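Peer 1: Quick note, this note's numbering runs 130 ahead of the 1-based positions in the sequence shown.
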Amino acid sequence: MIALLMTSCGSGSETRYELVYSMEPVGSASQPPEEPNVPAKRYKIALVPKGIEIDYFKYAAIGAKEAGKSLGIDVLFRGPATADADLQIDIVEQLIDQKVDLIAISANDPVKLVPVLQKARIRGIKVITWDADTEPEGREFFVNMVDPEVLGRHLLDTLALTMGEKGNYAIMTGSFSAANLNEWLRWINIQQREYYPDMKLVATVATDDDQDKAYDVANRLLVDYPDLGGILGNSSVGPPAAARAVKQAGKSGAVKVVGLSSPNLMNGYLREGSAQIATLWSPKKLGFLTIMLAYRYLNGQMPVDGQEIEGVGNIRLNGDMVIMGEPLDFTAENVSQYDF
131 MIALLMTSCG
141 SGSETRYELV
151 YSMEPVGSAS
161 QPPEEPNVPA
171 KRYKIALVPK
181 GIEIDYFKYA
191 AIGAKEAGKS
201 LGIDVLFRGP
211 ATADADLQID
221 IVEQLIDQKV
231 DLIAISANDP
241 VKLVPVLQKA
251 RIRGIKVITW
261 DADTEPEGRE
271 FFVNMVDPEV
281 LGRHLLDTLA
291 LTMGEKGNYA
301 IMTGSFSAAN
311 LNEWLRWINI
321 QQREYYPDMK
331 LVATVATDDD
341 QDKAYDVANR
351 LLVDYPDLGG
361 ILGNSSVGPP
371 AAARAVKQAG
381 KSGAVKVVGL
391 SSPNLMNGYL
401 REGSAQIATL
411 WSPKKLGFLT
421 IMLAYRYLNG
431 QMPVDGQEIE
441 GVGNIRLNGD
451 MVIMGEPLDF
461 TAENVSQYDF
């Protein structure tokens, strides 16, 4: 049996469901010392995802390992089986004991992870975040996929486009504690209030980035809101679970499904019409970029606005946040052109 915790959130009828389950060289100018024949240090960088079983992070790991191979360094892919901050803390403790050179983490909780990351930094391990940030004191810089405002507003635009800018809709988020998801939610809600007065958010639900939980939550939304016009998922497991539930309920096309997910996960649903638009970026490229910037950081080079990274392109810098690029939309017409 699945237990669902239902709480009221904000004003109106919005409901939240959360499933419970040189040195300088020494020597005389006339007789310079011989350079010691010491091989370059082989760095060990740990890429920590929210959960190692999530397809999105598996693709990121492929890119990260490609970067590691090209640089001649070791890239460890270490993380919890499920998206859980306490389990991530355990992983970081293990990495501290292994004395890795750098930890790059996609944080399940922006606050809870800070103490263990500070511990790593005290031990001489450099720390950056990617995909999902922590509070600034937990890391040096954050490697982000897209600008949060651009993405949040864009996601709501895709839903509004498919719904004719009117009707009831629900949001399926991965976790109420993930900083990146909450920031996207904030801009989704701002975009709706500013531009789509005839659309109404009736529920925001958490899936814990678990496929089975996401499917159960989507089914519950369809039962609780029979006049639901759309579902927006802002983490990768949400849209495919919603599309599957909509299809099995016989509501394909009647309930629009959009959101963040990979083209491989959404291919069939988009082509058959149980989902309308999926949005993402290349997680493989994000993993690649994270390792490239981590390597440069270990060598004393910080990211620079407009810097060109081979295999990625020109990055943007907003304070201590690196922005990789712009979101991509996948539809029935173009989804088969992509493979990730």
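Quick reminder that beta carbons are idealized off the backbone N, C-alpha and C, glycines included.
Everything numeric in this text was worked out from a predicted model, so none of it was measured.
Quick check on DSSP: helix, strand or coil for Thr259?
Peer 2: Strand at Thr259.
Peer 1: Is the Cβ-Cβ distance between Ile233 and Ala250 less than 8 Å?
Peer 2: Cβ atoms of Ile233 and Ala250: closer than 8 Å.
Peer 1: Ignoring anything shorter than 4 residues or poking outside the segment 326-397, list the alpha helix (DSSP H) runs there in chain order.
Peer 2: Qualifying alpha helix (DSSP H) stretches, in chain order: 341-354, 368-378.
Peer 1: Need the endpoints of the alpha helix (DSSP H) that Met293 sits in, please.
Peer 2: Element bounds for Met293: 278-293.
Peer 1: Check each candidate in Phe207, Ala194, Asp239, Lys195 and name the one with the smallest Cα separation from Ala215.
Peer 2: Nearest of Phe207, Ala194, Asp239, Lys195 to Ala215, Cα basis: Asp239.
Peer 1: Assign Glu438 to one of three DSSP states: helix, strand, or coil.
Peer 2: Note: Glu438 maps to strand in three-state DSSP.
Peer 1: What span of residues does the alpha helix (DSSP H) with Arg251 cover, start to end?
Peer 2: Note, Arg251: alpha helix (DSSP H), 244-252.
Peer 1: Sort Ser236, Gln467, Ile439, Leu289 by Cα distance to Phe272 and report the nearest one.
Peer 2: Checking every option, the nearest Cα to that of Phe272 belongs to Ser236.
Peer 1: Just to check my reading of the structure: Asn310 and Asp346 have Cβ atoms closer than 8 Å, yes? What is that Cβ distance to the nearest angstrom?
Peer 2: Wrong, their Cβ atoms sit about 24 Å apart, outside the cutoff.
Peer 1: Which same chain residues, not among the five before or five after Pro370, have their C-beta less than 7 Å away from its C-beta?
Peer 2: Excluding residues within five positions, the ones whose Cβ falls inside 7 Å are Ser391, Leu395, Met396, Tyr399.
Peer 1: Let me know if Val280 comes out buried or exposed under the rule of 16 or more other beta-carbons within 10 Å of its beta-carbon.
Peer 2: Result: exposed.
Peer 1: Give a yes or no on whether the C-beta atoms belonging to Arg253 and Ile203 are separated by under 8 Å.
Peer 2: No, the pair does not count as a contact, with Cβ atoms beyond the cut-off.
Peer 1: When the Cα atoms are used, what is the spatial distance from Glu270 to Leu428?
Peer 2: So the two alpha carbons sit approximately 11 Å from each other.
Peer 1: By Cβ distance, which residues of its chain are closer than 8 Å to Ala300, with the 5 residues on each side in sequence left out?
Peer 2: Once the five neighbours on either side are set aside, the close Cβ partners of Ala300 are Leu331, Val332, Ala333, Thr334, Val335, Leu351, Tyr355, Leu358, Gly360, Ile361, Leu362.
Peer 1: How big is the Cα-Cα spacing for Leu225 and Ala375?
Peer 2: Between Leu225 and Ala375, the C-alpha separation is close to 39 Å.
Peer 1: Would you kindly work out how many angstroms separate the C-alpha atoms of Ser152 and Asp231, rounded to a whole number?
Peer 2: Reliability of the predicted coordinates at Ser152 is poor, the pLDDT of 32 falling under 50, and no value is obtained from them.
Peer 1: Alpha carbons only, please: which of Met293, Met422, Thr303, Tyr425 is nearest the one belonging to Gly282?
Peer 2: The option with the nearest alpha carbon to Gly282 is Thr303.
Peer 1: Would the beta-carbon of Val367 fall within 8 Å of that of Ala344?
Peer 2: For Val367 and Ala344, yes; Cβs fall inside 8 Å.
Peer 1: Taking C-beta to C-beta, are Gln322 and Leu286 nearer than 8 Å?
Peer 2: In contact: Gln322 and Leu286 (Cβ atoms closer than 8 Å).
Peer 1: Quick check: the Cα distance between Lys180 and Gly209, rounded to an integer number of angstroms?
Peer 2: Each residue's alpha carbon lies about 7 Å from the other.
Peer 1: Beta-carbon separation of Thr288 and Asp459 under 8 Å?
Peer 2: Yes; because the gap between Cβ atoms is below 8 Å, this pair is in contact.
Peer 1: Going by CA-CA distance only, name the one from Gly449, Ile219, Tyr186, Val276 that's closest to Pro393.
Peer 2: The shortest Cα separation from Pro393 among Gly449, Ile219, Tyr186, Val276 belongs to Tyr186.
Peer 1: Taking the DSSP output, what are the residues bridged to Tyr299?
Peer 2: Note: Tyr299 sits in a beta bridge opposite Leu331, Gly360.
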